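Single-structure report; data block below.
Protein chains: 2
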Amino acid sequence: MTETLSPHPNVASALKALEGRKTDHVFFVACGGSLSIMYPAKYMLDQLSSSLPSDVYNAAEFTHRAPKRLTSDSIVILCSMTGTTAETVAAAEFARKAGAMTIALSVEPQSPLGGVSDHLVSFEAPYTTGVPIDAKNSNYARIYQIVLGLARHYDGVEHMGALMHSLEALQSVIDKAQDVLAPRFNQYAPHFAKQEVIYTMASGASYGAAYSFANCVLMEMQWINSYPIHANEFFHGAFEVLDQSRCYILMKGLDDTRPLEDRAEAFLLRFGSADNILVLDAADFDFIGVDEMFRGALAPLVFFDTLWRFAYRLAELRDHEMMEARRYMKKLNDY
Amino acid sequence: MTETLSPHPNVASALKALEGRKTDHVFFVACGGSLSIMYPAKYMLDQLSSSLPSDVYNAAEFTHRAPKRLTSDSIVILCSMTGTTAETVAAAEFARKAGAMTIALSVEPQSPLGGVSDHLVSFEAPYTTGVPIDAKNSNYARIYQIVLGLARHYDGVEHMGALMHSLEALQSVIDKAQDVLAPRFNQYAPHFAKQEVIYTMASGASYGAAYSFANCVLMEMQWINSYPIHANEFFHGAFEVLDQSRCYILMKGLDDTRPLEDRAEAFLLRFGSADNILVLDAADFDFIGVDEMFRGALAPLVFFDTLWRFAYRLAELRDHEMMEARRYMKKLNDY
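Protein chains in written order, with this note's numbering: chain H, 1 to 335; chain F, 1 to 335.
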């Protein structure tokens with residue numbers, strides 16, 4: 001008999017506050033890399049809950065748009081790694097003023113975001129400290145627990161145990177995927193390192209990983225032009241820039257939108273050059289220990305964590321720092 | 001006394017079907033350029049309706065994701081210019097099977113999309129025929145009428161008359177804006193025509209125009225690399241590629257998210273070169289006859305219609321056809 005694992009204490013405490021609470025809307029609100037995890041969170045909620053509509057908004061868009069659906073019956077879920085992102089802190093304050101319940105994810109419970117939110121859910125991130133973490137303690141892991149808690153409370157859907165057990169197995173999936181992908185990364189890195197433009201592509205649960213890699217790694221850390229293209233939107237305009245010289249990173253996940261990514265792959269390989277099309281296929285990963293139901297949701301963590309190594313290879317070859325090379329972020333404080 | 005203008009007969013007929021109908025979710029579903037008008041439609045609904053949650057989805061994402069909120073209490077609003085977009089037709093069929101009410105926008109009522117939808121709302125588009133239209137007959141104009149009809153029926157918010165009168169004045173706003181922008185377009189075109197990468201940027205009601213211009217004009221028609229960057233997301237990664245040589249088209253609208261675009265402008269002009277930053281500011285347009293309330297919603301039509309001329313200037317200078325130059329779209333039929 002398997003031991004039943006409970007969600008993280010911070011998550012459990014936030015979920016406890018749902019008791020007796022009517023909720024008719026969930027807002028997922030953040031900026032940049034933290035916003036990227038909101039896409040798969042909404043994907044999961046969309047597929048599990050018939051009672052909770054939801055929106056994903058950049059934090060400044062959220063406060064200025066001021067959607068009428070934001071009321072005391074809303075739950076607003078926010079995330080900022082450091083807990084200092086000004087727009088996200090403002091969004092939490094804005095949501096609170098509207099009477100909404102706020103749940104904030106941050107590495108720093110004592111941060112400004114923690115200070116203005118009803119519930120703080122802490123997580124771990126390796127990218128600031130350089131100390132490896134277990135993926136079961138990542139922002140993705142925590143937000144999925146929150147989403148499942150909502151689905152359990154409002155829709156009577158019970159999957160928390162399966163998620164918690166899957167999360168226990170996740171780091172090992174990532175470690176093994178690194179080994180599978182290392183030769184591919186070595187093969188593609190020298191050529192990709194010379195590019196002015198590298199597109200990323202995905203759909204469904206994996207779109208956030210494509211968003212994050214394009215914006216926060218290629219553009220932010222490597223100053224390489226990019227665009228996270230939705231795998232089907234690709235066919236409605238963006239695909240016309242594809243030729244033999246153009247480079248793409250395509251993520252093929254295991255969620256229900258995989259056929260969209262399959263179609264994009266076939267097209268990329270038909271009209272692009274195989275050397276320029278780096279496909280990460282979650283079907284190649286060994287998901288042993290991860291419940292079938294959560295393989296689609298957890299694939300983007302594997303993509304993002306493994307691609308991180310690819311980014312370091314690019315940085316080395318380009319002689320361009322990863323964590324230090326910024327023109328503006330953390331260098332300026334007056335914008 | 002001003003005559004009260006009614007919505008387009010197709011819209012009126014769709015709205016009549018709301019009588020006695022419970023609705024608890026609106027899905028805006030399309031692909032590419034048609035998807036781009038769904039962003040401002042949702043923006044308008046978000047700001048007017050406290051009773052109707054909504055989602056914007058690429059059509060293939062919608063059918064594969066299969067959100068649990070899609071039920072017989074949903075309204076699914078679709079758009080395809082030709083009415084033949086396979087993913088959008090499939091989405092209409094999928095929605096219908098779920099028992100949802102479907103309202104489709106198309107230039108061609110007799111199209112496959114028209115055939116599988118409960119209500120067909122026709123509109124006019126200049127880009128296929130080359131014949132100029134009046135913007136009051138555009139897809140934007142029609143979808144805003146639908147949104148206002150929903151807000152009237154479900155939230156008791158009555159703005160239809162003000163919209164209809166504003167739409168009467170719109171074409172003249174666009175024509176005058178062309179004159180204002182012509183010298184700027186002439187000034188920027190020679191330099192922009194030489195670029196490998198041109199970013200577009202906007203937020204709120206104008207984001208769809210940035211999306212459409214990046215995907216369906218720059219990438220699709222001119223094979224120029226692009227990315228429609230959200231004006232605040234810009235500061236959370238993408239801005240690091242900005243330097244003196246990088247080109248951007250920024251739209252500054254008149255909706256409540258304008259401060260986000262103001263901030264982006266200040267940053268672009270501080271660290272980019274003014275020659276590379278083409279700012280379209282809706283505050284420079286003469287919106288006479290357009291109700292204050294709808295200036296934010298109608299600014300993106302002015303942006304997109306005026307930028308169309310800029311695109312033709314680029315095409316000329318690049319010696320690259322606008323409507324004919326495609327590698328794949330309408331050239332292949334097996335992808």
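Just so it is clear, CB atoms sit at the ideal spot from N, CA and C, and this is done for glycine as well. Only a predicted model underlies this, so the values are computations on that prediction, with no experimental measurement involved.
Asked	Found
Members of the stretch 228-262 of chain H that neighbour chain C once the beta carbon cut-off is set at 7 Å	Here chain C cannot be found, since the structure's protein chains are H and F.
Which of helix, strand or coil DSSP assigns to Met1 of chain F	Note that Met1 of chain F scores a pLDDT of 41, beneath 50, so its modelled location is shaky and nothing firm can be said.
Buried/exposed call for Gln222 of chain F, threshold 16 Cβ in 10 Å	buried
Within 9 Å of chain F by C-beta, residues of the stretch 76-96 of chain H in sequence order	Thr85 and Glu87
Any chain H beta carbon closer than 8 Å to Leu48 of chain F	yes
Beta strand (DSSP E) segments (min. 3 residues) lying fully within the stretch 203-271 of chain H	228-230 and 247-252
Interface residues of the stretch 193-219 of chain F facing chain H [CB-CB below 7 Å]	Glu196, Val197, Ser203, Gly204, Asn215, Cys216 and Met219
8 Å Cβ cutoff, Trp308 of chain H in contact with chain F	no
Presumed contact (8 Å Cβ cut-off) between Glu196 of chain H and Glu124 of chain F, rounded CB distance	Wrong, their Cβ atoms sit about 39 Å apart, outside the cutoff.
Listed by chain order, chain F residues near Arg21 of chain H by CB distance under 7 Å	The premise fails here: Arg21 of chain H is roughly 18 Å from chain F at the closest Cβ pair, so nothing lies under 7 Å.
Span of the beta strand (DSSP E), counted from its first residue to its last, around Asn10 of chain H	First-last for Asn10 of chain H: Pro9 to Lys16, but that is the alpha helix (DSSP H), not the beta strand (DSSP E).
Bridge-paired residues (DSSP) for Asn58 of chain F	F:Ala30
Residues within the stretch 263-275 of chain F neighbouring chain H, beta-carbon criterion of under 8 Å	Arg263, Ala266, Phe267, Arg270 and Phe271
Below-8 Å beta-carbon distance, Lys136 of chain F vs any chain H residue	no
8 Å Cβ cutoff met for His165 of chain F and Leu278 of chain F	no
Selection of the stretch 60-75 of chain F by Cβ proximity to chain H, strictly under 8 Å	Ala60, Glu61, His64, Arg65, Ala66, Pro67, Lys68, Arg69 and Thr71
Buried/exposed call for Leu332 of chain H, threshold 16 Cβ in 10 Å	exposed
Asp73 of chain H versus Gly20 of chain H: straight-line alpha-carbon distance, rounded	12 Å
Simplified DSSP assignment, three categories, for Leu78 of chain F	strand
Gln171 of chain H to Ala162 of chain H span [Cα, whole Å]	16 Å
Whole-angstrom distance between Pro112 of chain F and Phe336 of chain F, CA atom to CA atom	The structure shown has nothing for residue 336 of chain F, since chain F only spans 1 to 335.
Continuous beta strand (DSSP E) stretch holding Thr102 of chain H: start and end	Met101 to Ser106
Reduced DSSP category for Ser111 of chain F - H, G, I as helix; E, B as strand; rest coil	coil
Cut-off 7 Å between Cβ atoms - residues of its own chain near Met1 of chain H, not counting five sequence neighbours on either side	Only weak support is given to the placement of Met1 of chain H: the predicted model assigns it a pLDDT of 41, under 50, and the question is left unresolved by the model.
CA-to-CA distance, Arg327 of chain H to Arg69 of chain H, given in whole angstroms	38 Å
beta-carbon Lys68 of chain F near the ligand ADP non-hydrogen atom, thresh 7 Å	Although the ligand ADP was asked about, the structure shown includes no ligands whatsoever.
Cross-chain neighbours of Pro53 of chain F in chain H, by beta carbon under 7 Å	His25, Pro53 and Arg69
Contact under 8 Å by Cβ, Glu108 of chain F with Thr82 of chain F	yes
Contacts of Tyr335 of chain F in chain H (Cβ-Cβ under 8 Å)	Phe235, Arg263, Ala266, Phe267 and Arg270
Own chain, CB closer than 7 Å to Ser203 of chain H, minus 5 neighbours either side, in chain order	His230, Ala231, Asn232, Thr257, Leu260 and Glu261
Asp305 of chain H: first and last residue of the uninterrupted alpha helix (DSSP H) it sits in	Glu292 to Arg318
Beta-carbon proximity list for Asp305 of chain F, same chain, < 6 Å, skipping 5 on both sides	Ile174
Cys31 of chain H versus Ala238 of chain F: straight-line alpha-carbon distance, rounded	12 Å
Of the residues F:Glu93, F:Pro126 and F:Gly99, the one placed nearest Gly115 of chain F, counting alpha carbons only	F:Glu93
Buried or exposed by the 16-neighbour rule on C-beta atoms within 10 Å, applied to Gln145 of chain H	buried
DSSP state of Asp281 of chain H mapped onto helix, strand, coil	strand
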